[in-house]
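Novice: Please find one structure pasted underneath; my questions will follow.
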Amino acid sequence: MIRDCASFESVLAEALAEGPGAAPSVLADLRAHAGGCEACRPSLPLVAMAALPAADRDPLPEPTERDWERFDRRLRSRLDAETSRGWTWAGAAVAATVAGALLGAWLLRAPEVPLIAEGPKPAASDPEVANPPVKPPEKRPADEPSLDSFARDAWSALALGDDDEVEPVDGPFPDLDKLDEKALERLERWLDEEEARLSPRGDA
Amino acid sequence: MNVDANDARLVDRCLEGDRAAFDVLVLQHRGAVMAVARRLLRSPADAEDAAQETFVRAWRSLRSWRRDAPLRAWLLTIAVNACRTRGARLRPDEPVDGAPEPVDPRPRADGALEEGEARRVVRLAVAALPPRQREVVLLKVFSGMTHEDVAGAMGLTVGAVKAHLHQAVANLRRRLTTSKGGSR
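Taken in order, these protein sequences are the chains called A and B. Counting from 1, one number per residue, gives the positions in the first sequence under my numbering. Counting from 205, one number per residue, gives the positions in the second sequence under my numbering.
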């Protein structure tokens, strides 16, 4: 027997949790209390639901055969897309790895052109050590102007000597011949520093 | 053959790349997944989308199925999450497509509501519940799932499911008492 509203609430929750529907005796107790209680009477629809099996309390239409065919068709299409996307990602990863390896091999194979051509190391007493022969850097097979080209032009200008007339340089820096004395001195200092930086160690 | 063992065998084949095995799993579990989705979302179109999403997610993450729980419970967990993602856009005052609601506006002689109107009133009250309580009521009261299945699908303990259900019933009582649709 349900004595108060709190008990009614608790018993009703248990009844609604019964999948097959609540027992007749429980339903009778619930109806008896709700019938005589102003506060609980509005809950009679819930008591009515508790009497039914869960599937009948608020039935929803079942999917039809066409619904399932459409479902299967759409799902198959989505899963096919998932599978092909996975292959594309894997394929792309492999392709990127191979491309990266090929690029790395090509870059490593490219011969390094020294800025300053290396020649035989002269002895310390060799008079040419004080005035080493000026040799322009070897020409690089690059198409675009680079510092190497500039250095080559600069070496060419210096190799002509102070007393020689500076011939126009036919290269990417045609205005090199217009450098004044101070600019040429700065350039010569820079080239000396570059030469010292790039010289192999242990130079006598 | 035991259902769980059969599911495990099919999952093993799926993980080896057997798509046909996954098709079998879909056939075995699509009804339960769709029922949960339809109950939580009501709109058949939204439910179908959520059910589709469930199986796509399952396909992507089959390796994460822990075999200490039934595969169906794992699928229903994904389904509940898929429904939450879509957002439970409930229109409880509308009948579900294909199921016209027989509502008789005349009250019965004893003042109680007609059956159709009673369902509508309860549906409105359920829609107003907090999300977790609403899910528990829809899955436990209207779908007939066990406490354990509901707990698994929602990521709760059985005790939490019972607590949510009791609190939901208290809220439903209060709402029905203040509702204009309550019995006179």
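C-beta atoms are modelled at their ideal positions from N, C-alpha and C, and glycine is treated no differently.
Output yes or no for whether 8 Å exceeds the beta carbon distance between Leu145 (chain B) and Gly356 (chain B).
Specialist: Limits of chain B in this structure are 205 at one end and 388 at the other, which puts residue 145 (chain B) out of reach.
Novice: Using CA coordinates, which residue listed in B:Arg324, B:Ala212, B:Thr258, B:Val228 is at the minimum distance from Cys287 (chain B)?
Specialist: Cα-wise, what sits closest to Cys287 (chain B) is B:Thr258.
Novice: What residues from the segment 44-60 of chain A come within 9 Å of chain B, judged by C-beta to C-beta, listed N to C?
Specialist: So the close ones are Leu44, Pro45, Leu46, Ala48, Met49, Ala50, Pro53, Ala54, Ala55, Arg57, Asp58, Pro59, Leu60.
Novice: Should Leu103 (chain A) be labelled buried (16 or more other beta-carbon atoms within 10 Å of its own) or exposed?
Specialist: Classification of Leu103 (chain A): exposed, given that the 10 Å Cβ count is below 16.
Novice: Does Asp82 (chain A) come within less than 8 Å of chain B when only Cβ atoms are used?
Specialist: According to the sequence provided, residue 82 (chain A) is Glu. The question's Asp does not apply to it. Chain B contact via Cβ: present.
Novice: List, from N- to C-terminal side, the alpha helix (DSSP H) runs of 4 residues or more that fit wholly inside the segment 319-370 of chain B.
Specialist: You should have 319-331, 335-340, 351-358.
Novice: Might you give, ordered along the chain, the residues of its own chain that have their beta carbon closer than 8 Å to the beta carbon of Leu380 (chain B), omitting 5 neighbours on each side?
Specialist: Excluding sequence neighbours, Leu380 (chain B) sits near Val325, Val326, Ala329, Gly386.
Novice: Got a sec: is the Cβ-Cβ distance from Thr381 (chain B) to anything in chain A below 8 Å?
Specialist: Cβ-Cβ to chain A under 8 Å: yes for Thr381 (chain B).
Novice: Between Glu220 (chain B) and chain A, is the shortest Cβ-Cβ distance under 8 Å, so that the two count as touching?
Specialist: Closer than 8 Å: no.
Novice: Is it right to say Met1 (chain A) is buried, meaning 16 or more other beta carbons lie within 10 angstroms of its own, or is it exposed?
Specialist: Classification for Met1 (chain A): exposed.
Novice: Whose C-beta lies closer than 6 Å to the C-beta of Pro309 (chain B) among residues of the same chain, with five residues either side of it excluded?
Specialist: Summary for Pro309 (chain B): the model assigns pLDDT 42, below 50, so the residue's position carries little reliability, and this model does not support an answer.
Novice: Pick from A:Arg73, A:Ala15, A:Thr97: whose alpha carbon is nearest that of Met49 (chain A)?
Specialist: The candidate whose alpha carbon is nearest that of Met49 (chain A) is A:Ala15.
Novice: Cα separation between Met358 (chain B) and Asp208 (chain B)?
Specialist: So the alpha carbons of these two residues sit roughly 20 Å apart.
Novice: Measuring CB to CB, does Ala22 (chain A) end up less than 8 Å from Ala51 (chain A)?
Specialist: Yes, they are a contact pair.
Novice: Given that a residue counts as buried once 16 or more other Cβ atoms are within 10 Å of its Cβ, and exposed if not, what is Trp278 (chain B)?
Specialist: The residue is buried, with at least 16 neighbouring Cβ atoms inside 10 Å.
Novice: Under 7 Å Cβ-Cβ, which residues of chain B neighbour Pro63 (chain A)?
Specialist: Within 7 Å Cβ-Cβ: Met238.
Novice: Between Trp89 (chain A) and chain B, is the shortest Cβ-Cβ distance under 8 Å, so that the two count as touching?
Specialist: At Trp89 (chain A), the pLDDT of 49 sits below 50, so the modelled position is not reliable and the matter cannot be decided from this model.
Novice: My output table needs one value for Gly221 (chain B): the three-state DSSP class, helix, strand or coil.
Specialist: Gly221 (chain B) falls in the coil class under three-state DSSP.
Novice: Might you give, ordered along the chain, the residues of its own chain that have their beta carbon closer than 7 Å to the beta carbon of Ala262 (chain B), omitting 5 neighbours on each side?
Specialist: The residues are Leu279, Ile282.
Novice: Please list, in chain order, the residues of the segment 321-353 of chain B that have any C-beta partner in chain A closer than 7 Å.
Specialist: Under the 7 Å Cβ criterion, the segment 321-353 of chain B contributes Ala322, Arg323, Val325, Val326, Arg327, Lys344, Val345, Phe346, Ser347, Gly348.
Novice: Can you check whether the C-beta of Trp263 (chain B) is within less than 8 Å of a C-beta belonging to chain A?
Specialist: Taking Cβ atoms only, chain A reaches closer than 8 Å to Trp263 (chain B), which makes this a yes.
Novice: Rank A:Trp68, A:Ala55, A:His33, A:Leu60 by C-alpha distance to the C-alpha of Val47 (chain A) and give the top, closest one.
Specialist: Residue A:His33 is the option with its Cα nearest to Val47 (chain A).
Novice: Given Trp269 (chain B), which residues of its chain have a CB within under 6 Å of its CB, disregarding the five upstream and five downstream residues?
Specialist: Only Trp278 meet the Cβ criterion.
Novice: Spell out a yes or no on whether the segment 179-195 of chain A and the segment 232-250 of chain B are touching, meaning 3 or more CB-CB pairs, one atom from each, closer than 8 Å.
Specialist: They do not touch, by the three-pair rule.
Novice: Counting contacts by CB-CB distance shorter than 8 Å, is Pro172 (chain A) in contact with chain B?
Specialist: Confidence is the limiting factor: at Pro172 (chain A) the pLDDT is only 48, short of 50, which leaves the residue's position unreliable, though a coordinate-based value still follows. Not one chain B Cβ lies under 8 Å of Pro172 (chain A).
Novice: Determine the closest residue to Gly221 (chain B) out of A:Pro20, A:Ser10, A:Leu79, with distance taken between C-alpha atoms.
Specialist: The option with the nearest alpha carbon to Gly221 (chain B) is A:Leu79.
Novice: Give every residue of the same chain whose Cβ lies closer than 7 Å to the Cβ of Ala251 (chain B), excluding the five residues on either side of it in the sequence, and list them in chain order.
Specialist: If we look at Ala251 (chain B) and ignore the five residues flanking it on each side, its Cβ neighbours are Met238, Ala241, Arg242, Leu245.
Novice: Measure the CB-CB distance between Val389 (chain B) and Val354 (chain B) and report whether it falls below 8 Å.
Specialist: For chain B, the structure presents residues 205 to 388; residue 389 (chain B) sits outside this window and is missing.
Novice: Closer than 7 Å by beta-carbon distance: list the chain A residues that pair up with Ala414 (chain B), in chain order.
Specialist: Residue 414 (chain B) is absent from the structure shown; chain B starts at 205 and stops at 388.
Novice: Give every residue of the same chain whose Cβ lies closer than 8 Å to the Cβ of Pro53 (chain A), excluding the five residues on either side of it in the sequence, and list them in chain order.
Specialist: Excluding positions up to five away in sequence, the list reads Gly19, Pro20, Gly21.
Novice: If the criterion is Cβ atoms closer than 8 Å, does the pair Val228 (chain B) and Leu275 (chain B) meet it?
Specialist: Against a cut-off of 8 Å, the Cβ pair of Leu275 (chain B) and Val228 (chain B) comes out as no contact.
Novice: If I follow the unbroken alpha helix (DSSP H) through Gly35 (chain A), where does it start and stop?
Specialist: Segment 24-36, the alpha helix (DSSP H) holding Gly35 (chain A).
Novice: Taking the continuous alpha helix (DSSP H) assigned at Glu62 (chain A), which residues delimit it?
Specialist: Per DSSP, Glu62 (chain A) belongs to no alpha helix (DSSP H) and is neither H nor E.
Novice: Under a three-way DSSP split, which group does Asn210 (chain B) fall into?
Specialist: Here Asn210 (chain B) sits in helix by DSSP.
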